[in-house]
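Numbering (the working numbering), first residue to last: 20 to 639. Yeah, the Cβ is synthetic: ideal placement off N, Cα and C, and Gly gets one too. Nothing here was measured: the structure is a model prediction, and the numbers come from that model.
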């Protein structure tokens with residue numbers, strides 16, 4: 020076991036930028052709203068079941084979100100129900116999805132699938148897939164073959180669980196570099212088997228071993244195991260991954276990592292007192308540098324009262340205070356999956372959660388709690404167009420069209436899924452950060468990214484967590500409001516080292532690595548340099564892209580595209596330009612007019628004696 024330490028105490032290492040993928044903000048929109056694009060995008064896939072008499076049947080479904088084919092666009096895996104099949108929705112990069120579950124080998128037709136997670140647990144650089152199950156449907160573990168297909172490796176992983184499995188999360192609480200697994204069961208009167216340590220013999224060879232008793236975890240406070248959603252997170256900022264557990268019937272938990280292979284239950288039941296913990300999301304909503312915890316529950320002021328959602332505010336040491344009423348988020352009806360995201364890019368995290376239950380709770384709309392900038396929220400789902408009134412269970416928040424704002428995919432039980440496109444959220448500036456690293460933790464799960472603008476710092480911890488039956492991708496999205504540059508971007512890597520970038524331009528997507536540059540290392544230009552890259556969009560592209568940049572002085576400007584080997588492909592511009600904003604189109608062709616091949620390209624903007632560059636991906 021490595022020594023107990025705080026990652027930020029390690030010395031900083033030089034700037035190491037593996038790849039910078041730039042994407043311009045979308046056009047200004049008159050009003051911030053969400054548009055239902057379920058049918059037009061092909062994402063409104065069906066979930067159908069033939070029985071809703073049992074609790075597990077009423078809570079089935081879910082969705083995983085991640086870039087399973089490594090093409091730069093975020094994909095979805097949506098459960099389909101026992102009367103249908105599951106859906107692997109490949110993002111086509113043009114606003115649409117294609118269901119390729121059949122040829123990928125993950126359709127799993129006629130099953131009660133429940134919850135799904137993308138995670139690279141074998142460290143080969145390709146996302147694998149975990150799928151839970153209820154009503155006798157066994158959980159499944161699929162490893163990516165690296166060519167768009169998957170292989171069922173369930174029997175070879177060492178996991179043996181005979182329980183309903185709703186949700187799963189991956190993290191590295193023992194800090195050995197690979198991803199361990201925690202599962203949620205909500206199964207009355209059953210035994211352990213929640214935590215599994217990844218004991219693979221090096222990268223690409225994964226074996227999981229149950230370690231509940233060894234790690235000191237039990238979810239029991241009554242006669243049953245009522246766990247619904249776990250999330251790994253470093254709650255006390257000591258460099259060791261802790262976890263929280265949203266559980267039904269007043270059994271939600273907080274476990275702190277002792278740093279020696281054990282956990283301590285530090286749950287204060289006078290504070291952690293949600294009646295019916297369902298969904299869960301973890302983030303720094305109050306911008307004080309630690310991770311807070313939002314739990315969905317049931318709010319009912321009549322009949323048998325239920326006390327509603329909970330906002331547990333972290334006091335900095337992994338203990339919490341109840342800030343629910345101050346935040347104004349108690350009344351969420353019958354809440355399920357939840358996510359913290361900055362949907363309007365104002366620099367403050369909002370909260371979205373889905374709703375619903377049969378037998379009297381039909382037609383309850385989802386909730387959109389929009390941050391007011393003072394640690395309070397105002398519910399605006401109806402006004403923003405996100406008041407989904409189906410039986411919502413899972414939600415994935417992700418920028419599916421890469422336009423700089425966060426969209427929403429809703430998984431509904433026994434109904435079609437819904438995709439809400441965020442329109443106008445990108446009127447505010449933004450920065451996206453994706454981390455990569457060497458095997459086995461290739462997504463750098465557990466790393467922290469801190470973005471400082473005008474003295475205020477936003478914190479995001481990379482996680483492979485669970486909103487309930489669902490996950491968001493392992494990417495950090497920062498809303499920047501009116502700021503066009505991040506003064507300082509700090510990455511605290513899982514190995515304890517730190518990377519610091521100064522004066523990072525807004526409205527781009529960075530892909531950073533701790534291990535050094537791969538290929539050409541693009542330049543990050545600051546406004547004071549007089550040349551700022553606004554971005555290139557779409558990126559990746561199939562037929563061409565538009566490069567946007569700003570200059571603060573008139574100068575002769577040349578823009579040239581190079582292939583990955585450094586050979587010039589085409590000169591897009593070579594002329595005197597005035598100061599201001601400019602846009603130049605690359606049609607995806609070379610200097611002779613022939614179509615350029617699929618691959619990675621770089622564009623270099625030189626204005627006077629200033630130079631900056633970015634990366635382009637061309638897909639045919």
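So what's residue 182 in DSSP terms, helix, strand or just coil? coil
Taking contact to mean at least 3 C-beta pairs separated by less than 8 Å, is the region 67-82 in contact with the region 462-470? no
What do you get for residue 600, buried or exposed, if any count of 16 or more other CB atoms within 10 angstroms of its CB means buried? exposed
CA-to-CA distance, residue 494 to residue 632, given in whole angstroms: 23 Å
Simplified DSSP assignment, three categories, for residue 13: An answer regarding residue 13 cannot be provided, because it is not within the stretch 20 to 639 covered by the chain.
Could you give the DSSP three-state label for residue 506: helix, strand or coil? The answer is strand: DSSP assigns residue 506 an E or B state.
Report, in whole angstroms, the separation of the C-beta atoms of residue 550 and residue 629, which I expect to be a contact under 8 Å. 4 Å
Taking the C-alpha atoms as reference points, what is the distance between residue 278 and residue 196? 14 Å
Using a Cβ-Cβ cut-off of 6 Å (strictly less than) and excluding sequence neighbours within five positions of residue 589, which residues of its own chain qualify? 580, 609, 610
Which class does residue 197 belong to by DSSP, given the choice of helix, strand or coil? The answer is coil: DSSP assigns residue 197 none of H, G, I, E or B.
In the DSSP assignment, find the unbroken alpha helix (DSSP H) run with residue 75 in it and report its ends. DSSP places residue 75 inside the alpha helix (DSSP H), whose first and last residues are 74-77.
With the cut-off set at 8 Å, would you say residue 490 and residue 133 are in Cβ contact? no
Tell me whether the region 92-100 and the region 411-429 touch, counting them as touching only if at least three CB pairs, one residue from each stretch, are closer than 8 Å. yes
Below 8 Å on the Cβ atoms is my contact criterion, and I expect residue 142 with residue 459 to pass it. Report the Cβ-Cβ distance as a whole number of Å. 3 Å
Residue 190 versus residue 145: straight-line alpha-carbon distance, rounded: 16 Å
Would you mind sorting residue 69 into buried or exposed? The rule is 16 or more other CB atoms within 10 Å of its CB. Only exposed fits residue 69, as fewer than 16 other CB atoms lie within 10 angstroms of its CB.
To the nearest angstrom, how far is it from the Cα of residue 386 to the Cα of residue 406? 7 Å
Straight-line CA distance for residue 376 to residue 77? 8 Å
Decide if residue 637 is buried, meaning its Cβ has at least 16 other Cβ atoms within 10 Å, or exposed. buried
Please check the pair residue 66 and residue 434, which I expect to be a contact at CB under 8 Å, by giving their CB distance rounded to whole angstroms. Residue 66 to residue 434, Cβ: 6 Å. Contact.
Does the beta-carbon distance from residue 198 to residue 140 come in below 8 Å? yes
Opposing strand residues paired with residue 206 [DSSP bridges]: In the DSSP assignment, the residues bridged to residue 206 are 244.
Residue burial classification, residue 122 (beta-carbon count within 10 angstroms, cutoff 16): exposed
So residue 395 packs on residue 359, CB below 8 Å; how close in whole Å? So it is not a contact: roughly 15 Å between Cβ atoms.
State the Cα-Cα distance for the pair residue 87 and residue 274, rounded to the nearest angstrom. 31 Å
By alpha-carbon positions, which one of 596, 80, 347, 428 ends up nearest to residue 570? 596
If you draw a straight line from the C-alpha of residue 446 to the C-alpha of residue 412, how long is it? Between residue 446 and residue 412, the alpha-carbon positions lie close to 30 Å from each other.
Can you tell me whether residue 518 is buried or exposed? The criterion is at least 16 other CB atoms within 10 Å of its CB, across all chains shown. buried
Using 8 Å as the threshold, is the C-beta distance between residue 338 and residue 287 below it? yes
Where are the beta strand (DSSP E) runs, 3 residues long or more, that stay fully inside the region 384-442, in chain order? 386-390, 396-398, 411-417, 426-431, 437-442
Residue 580 (DSSP reduced to helix, strand or coil): strand
List, from N- to C-terminal side, the alpha helix (DSSP H) runs of 4 residues or more that fit wholly inside the region 288-361. List check, alpha helix (DSSP H) in window: 343-346.
Which value, in whole angstroms, describes the spacing of the CA atoms of residue 512 and residue 384? 39 Å
Could you give the DSSP three-state label for residue 192: helix, strand or coil? coil
Keeping to the same chain, check which residues put their C-beta closer than 6 Å to that of residue 361; ignore five residues upstream and five downstream. 368, 498
Give me whichever residues DSSP pairs with residue 106 in a beta bridge. 97
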